[in-house]
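Notes follow once the structure below has been shown.
There are 2 protein chains.
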Amino acid sequence: MSTAAPQAAGGRALAHPAREEIRLEGVLHALSDPMRLAIVREMAAAETALSCSAFALPVTKSTSTHHFRVLREAGVIEQVYRGTAKLNGLRRGDLDVLFPGLLDSVLDAAGRQADRLGE
Amino acid sequence: MSTAAPQAAGGRALAHPAREEIRLEGVLHALSDPMRLAIVREMAAAETALSCSAFALPVTKSTSTHHFRVLREAGVIEQVYRGTAKLNGLRRGDLDVLFPGLLDSVLDAAGRQADRLGE
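For the protein sequence lines, the chains are A and B, in the order given.
Per my numbering, the first sequence runs over residues 149 to 267.
Per my numbering, the second sequence runs over residues 149 to 267.
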């Protein structure tokens, strides 16, 4: 998905940092929460854009919305409106250009930890 | 450096998580601060234990102490007393066993970002 330009859909668009605005510290912070890390793992496994409701998160809708917003504002995911739903996709291309290997090593580490802790 | 056992030096020892207690989320959070990321980069470049005063940080001593404590409690660094000074070393061995490639990919990403932003 393209990222720098605003997405026009029903007149609404969500703010995304352009690739060159993405900061490593922000990406690491976005990934440092267990719920957000779980969201990103699921997104990476799906390899396609998913609506927020596709994620079975044990939190309220407003908390869920917050987590998706943190991921979007850090440049980890792209969110676009499709009707009343938001579709979410990883910004893998942008992240891989800026920080080669980082996302994969975090996903690998998260998988190892989940295996180790039996989660 | 060994990590799980407390370090006896003048009767004082600092608490460290054992390797199996280190959590990915905590490591990412510890690395998500620009100052702490700079400390870790300097430590990785030094490849030897450094005293806190070896780092020229533009912050007060109490803020500096806070950042080192966050890194220690997350399992990213080991701190041992040598007289009145603390020596700091990366827990590279533990991190590489738990999360292979993660620390190197973060260090590489931090270096690329610093080059890109001219820092």
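By construction, the Cβ of each residue, glycine as well, lies at the ideal position given by its N, Cα and C atoms.
The structure presented is a predicted model; accordingly, all values stated were derived computationally and were not measured.
Residue-level contact to chain B via CB, residue i, 9 Å cutoff
| i | result |
| --- | --- |
| serine 212 (chain A) | no |
| glycine 223 (chain A) | no |
| aspartate 263 (chain A) | no |
| threonine 151 (chain A) | Residue confidence for threonine 151 (chain A) is low, a pLDDT of 45 falling below 50, so the modelled location carries little weight and cannot support an answer. |
Within chain A, the residues that residue i reaches when beta carbons sit closer than 7 Å
| i | result |
| --- | --- |
| aspartate 181 (chain B) | Glu173 |
Interface flag, residue i vs chain A, CB-CB below 9 Å
| i | result |
| --- | --- |
| glutamate 168 (chain B) | yes |
Beta-carbon proximity check, residue i vs residue j, cutoff 9 Å
| i | j | result |
| --- | --- | --- |
| glutamine 251 (chain B) | alanine 192 (chain B) | According to the sequence shown, residue 251 (chain B) is leucine rather than glutamine. It is a contact, given that the beta carbons lie within the stated cut-off. |
| valine 175 (chain A) | leucine 255 (chain A) | no |
| arginine 275 (chain A) | alanine 222 (chain A) | Summary: the structure shown does not reach residue 275 (chain A), with chain A confined to residues 149 through 267, and so no result is reported for it. |
| serine 199 (chain A) | leucine 162 (chain A) | no |
| alanine 197 (chain B) | glycine 241 (chain B) | no |
| glutamate 190 (chain A) | phenylalanine 203 (chain A) | yes |
| phenylalanine 247 (chain B) | arginine 260 (chain A) | yes |
| valine 224 (chain A) | alanine 178 (chain A) | yes |
| aspartate 181 (chain A) | valine 218 (chain A) | yes |
Paired residues, beta bridge with residue i - DSSP
| i | result |
| --- | --- |
| glutamate 226 (chain B) | B:Gly237 |
| leucine 198 (chain B) | B:Asn236 |
Where residue i meets chain A, residues with beta-carbon distance less than 8 Å
| i | result |
| --- | --- |
| phenylalanine 247 (chain B) | Ser253, Asp256, Ala257, Arg260 and Gln261 |
Contact set between residue i and chain B, taken where Cβ atoms lie within less than 9 Å
| i | result |
| --- | --- |
| leucine 250 (chain A) | Leu250, Ser253, Val254, Asp256 and Ala257 |
Interface partners of residue i on chain A, CB under 9 Å
| i | result |
| --- | --- |
| leucine 185 (chain B) | Leu172, Glu173 and Leu176 |
Anticipated Cβ contact below 8 Å, residue i with residue j, distance rounded
| i | j | result |
| --- | --- | --- |
| serine 253 (chain A) | serine 253 (chain B) | 4 Å |
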